[in-house]
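Chemist: Residue numbers (my numbering), protein chains in the order written: chain A, 239 to 393; chain B, 239 to 393.
Number of protein chains: 2
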Amino acid sequence: MRMAKGVEWALHTLLNLDMAGGGPVGSSQLAQAHGLPAPYLNKQLQQLSRAGLLASTPGPRGGFSLTRPLDAITLLDVVQAIEGDADMFQCTEIRCCGRIGELSPRPTGPCPVKNAMSRAEASWREALAAQTLAEIKAELDTGPVVGEIIRAALR
Amino acid sequence: MRMAKGVEWALHTLLNLDMAGGGPVGSSQLAQAHGLPAPYLNKQLQQLSRAGLLASTPGPRGGFSLTRPLDAITLLDVVQAIEGDADMFQCTEIRCCGRIGELSPRPTGPCPVKNAMSRAEASWREALAAQTLAEIKAELDTGPVVGEIIRAALR
DNA sequence: AATATCCAGGATATGTAATGTCCTGGATAG
DNA sequence: CTATCCAGGACATTACATATCCTGGATATT
Numbered sequence: 239m240r241m242a243k244g245v246e247w248a249l250h251t252l253l254n255l256d257m258a259g260g261g262p263v264g265s266s267q268l269a270q271a272h273g274l275p276a277p278y279l280n281k282q283l284q285q286l287s288r289a290g291l292l293a294s295t296p297g298p299r300g301g302f303s304l305t306r307p308l309d310a311i312t313l314l315d316v317v318q319a320i321e322g323d324a325d326m327f328q329c330t331e332i333r334c335c336g337r338i339g340e341l342s343p344r345p346t347g348p349c350p351v352k353n354a355m356s357r358a359e360a361s362w363r364e365a366l367a368a369q370t371l372a373e374i375k376a377e378l379d380t381g382p383v384v385g386e387i388i389r390a391a392l393r
Numbered sequence: 239m240r241m242a243k244g245v246e247w248a249l250h251t252l253l254n255l256d257m258a259g260g261g262p263v264g265s266s267q268l269a270q271a272h273g274l275p276a277p278y279l280n281k282q283l284q285q286l287s288r289a290g291l292l293a294s295t296p297g298p299r300g301g302f303s304l305t306r307p308l309d310a311i312t313l314l315d316v317v318q319a320i321e322g323d324a325d326m327f328q329c330t331e332i333r334c335c336g337r338i339g340e341l342s343p344r345p346t347g348p349c350p351v352k353n354a355m356s357r358a359e360a361s362w363r364e365a366l367a368a369q370t371l372a373e374i375k376a377e378l379d380t381g382p383v384v385g386e387i388i389r390a391a392l393r
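1) Output the boundary residues of the alpha helix (DSSP H) element that contains Thr295(B).
2) If you count every other CB in all the chains shown that lies within 10 Å of the CB of Gly301(B), and 16 or more means buried, which is it?
3) Using the C-alpha atoms, what's the distance from Leu378(A) back to Gln318(B)?
4) Leaving out the 5 sequence neighbours to the left and right, which residues in its chain are closer than 6 Å to Ser303(B) when beta-carbon positions are compared?
5) What does a CB cutoff of less than 6 Å around Thr251(A) pick up in its chain, not counting 5 residues either side in sequence?
6) So, does the segment 279 to 297 of chain A touch the segment 358 to 373 of chain B, judging by three or more C-beta pairs under 8 Å?
7) State the Cα-Cα distance for the pair Ser266(A) and Ala248(A), rounded to the nearest angstrom.
8) With a threshold of 8 Å, are at least 3 pairs of Cβ atoms found where one atom belongs to the segment 270 to 284 of chain A and the other to the segment 334 to 354 of chain B?
9) Work out the CA separation of Glu359(B) and Thr380(B) for me, nearest whole Å.
10) Could you tell me which chain B residues have their CB closer than 9 Å to the CB of Asn280(A), listed as they occur along the chain?
11) DSSP state of Leu286(B), grouped into three classes?
12) Spell out whether any CB of chain A is found under 9 Å from the CB atom of Arg288(B).
13) Mind reading off the beta-carbon distance from Glu386(A) to Val351(B)? Whole number of angstroms is fine, and I expect it under 8 Å.
14) Apply the 10 Å Cβ neighbour rule to Arg306(B) and answer buried if 16 or more other Cβ atoms are within range, or exposed otherwise.
15) Looking only at DSSP bridge pairs, what is Phe302(B) linked to?
16) Taking Cβ positions, are Gln328(A) and Lys281(B) nearer each other than 9 Å?
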């Protein structure tokens, strides 16, 4: 149950794009910034684009840019864009299989085991939705010197 | 980011063991109860055993039995026994790689991105720890008829 | 004591999803 | 017209969950 690395890549990339100042930045520059494989990062950026978090500009001087400020992007937005919105606990209804499934009457309501796991996942998603990228940015060092370094690294 | 099926298997199996009445039940019987592959379920049961949730009895008439009542087993206990206790978001410190890593001074504190994801995971684990198997059992139909069926299926 | 039954655990496939690469096509600035 | 960039499909690689098998140890029964 490991989360895709793409989530980490996307979060740092979105933060970098905010530092970049608004103009489009190419996927190669964004990949070089953290030593990531450019073609694969590009696929993650496409997913962020489809999710509406990024806008893509084709052609020379093109690239990706944020569509809204960091305080309007939650961790849940990014996780769902990269990982999708499928539950991590997937009920396969084993209660209906095997001897118990054959001997018991078909259950009526939803599976209580599934319900319990879903409640816990809901807490996780709420916590993800409660944190914005702006709050994360505030926690990391964003002095003027660092800002200039990041802009230089994205050149 | 899909959870292992073993978690679902373990949860239903623990509930079945409670219905069985205390005596050891063989892994073959537990597997047949839900049509699961016996050798692989056995491995999951070994993990539950190592985690202290189950006791195993070798020899004829042996098998697995609960070590404590369902109200002393939380969802977190089961998830950690099967999945381990590694975080789902694994920080690979990409902030230290690539151009940004080379141009920036080495960061001092822990990664804020990692911190934010960890906070959300903590909410999930708290929610898992707040639900016991006894509460799940209360949600499913455990009339005397169903109880007898399950005991018969485990024979 | 001998035997049958059960778990423990290592070694080894198999399948599936994440990861990574490549290529073609379309859009756009210069 | 050309160079640069994204879009997206196809494919290779890797990692991990899933599944199977086999040997050994423990124990109840005969």
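Note that beta-carbon positions come from the ideal geometry of N, C-alpha and C, so glycine has one too.
Modeler: Well, looking at it:
1) Within the second sequence, the letter at position 57 stands for residue 295(B). DSSP places Thr295(B) outside any alpha helix (DSSP H); the residue lies instead in the beta strand (DSSP E), whose first and last residues are Leu292 to Thr295.
2) Residue 301(B) sits at position 63 when you count from the first residue of the second sequence. The residue in question, Gly301(B), is buried, as its Cβ has 16 or more Cβ neighbours within 10 Å.
3) Counted from its first residue, the second sequence places residue 318(B) at position 80. Counted from its first residue, the first sequence places residue 378(A) at position 140. Gln318(B) and Leu378(A) have their alpha carbons spaced roughly 31 Å apart.
4) Residue mapping note: residue 303(B) aligns to position 65 of the second sequence, counting from 1. Within the same chain, Ser303(B) has close Cβ partners Pro262 and Ala293.
5) The residue labelled residue 251(A) in the question sits at position 13 within the first sequence. Hits under 6 Å: Leu268.
6) At 8 Å Cβ cutoff, the stretches do not touch.
7) If you number the first sequence from 1, residue 266(A) lands on position 28. If you number the first sequence from 1, residue 248(A) lands on position 10. Approximately 14 Å between the Cα atoms of the pair.
8) Touching, per the Cβ criterion.
9) Position 142 of the second sequence holds residue 380(B). Position 121 of the second sequence holds residue 359(B). Going from the Cα of Thr380(B) to the Cα of Glu359(B) covers about 33 Å.
10) For the purposes of this step, residue 280(A) is taken as residue 42 along the first sequence, with counting starting at 1. Near Asn280(A) there are no residues of chain B at all, since even the closest Cβ is about 15 Å away, more than 9 Å.
11) For the purposes of this step, residue 286(B) is identified with residue 48 of the second sequence, where counting begins at 1. In the structure shown, the three-state DSSP call for Leu286(B) is helix.
12) Taking the second sequence and counting its residues from 1, one reaches residue 288(B) at position 50. At least 9 Å separates the CB of Arg288(B) from every CB of chain A.
13) Locating residue 386(A) in the first sequence gives position 148, where the first residue counts as 1. Locating residue 351(B) in the second sequence gives position 113, where the first residue counts as 1. With a contact defined as Cβ atoms closer than 8 Å, Glu386(A) and Val351(B) miss out at about 21 Å.
14) Position 68 of the second sequence, counted from the first residue, corresponds to residue 306(B). Under this definition Arg306(B) is an exposed residue.
15) Position 64 of the second sequence, counted from the first residue, corresponds to residue 302(B). Among the bridge pairs identified by DSSP, Phe302(B) is matched with Val263(B) and Ser294(B).
16) Start at 1 with the first residue of the first sequence, and residue 328(A) comes out as number 90. Start at 1 with the first residue of the second sequence, and residue 281(B) comes out as number 43. No, they are not a contact pair.
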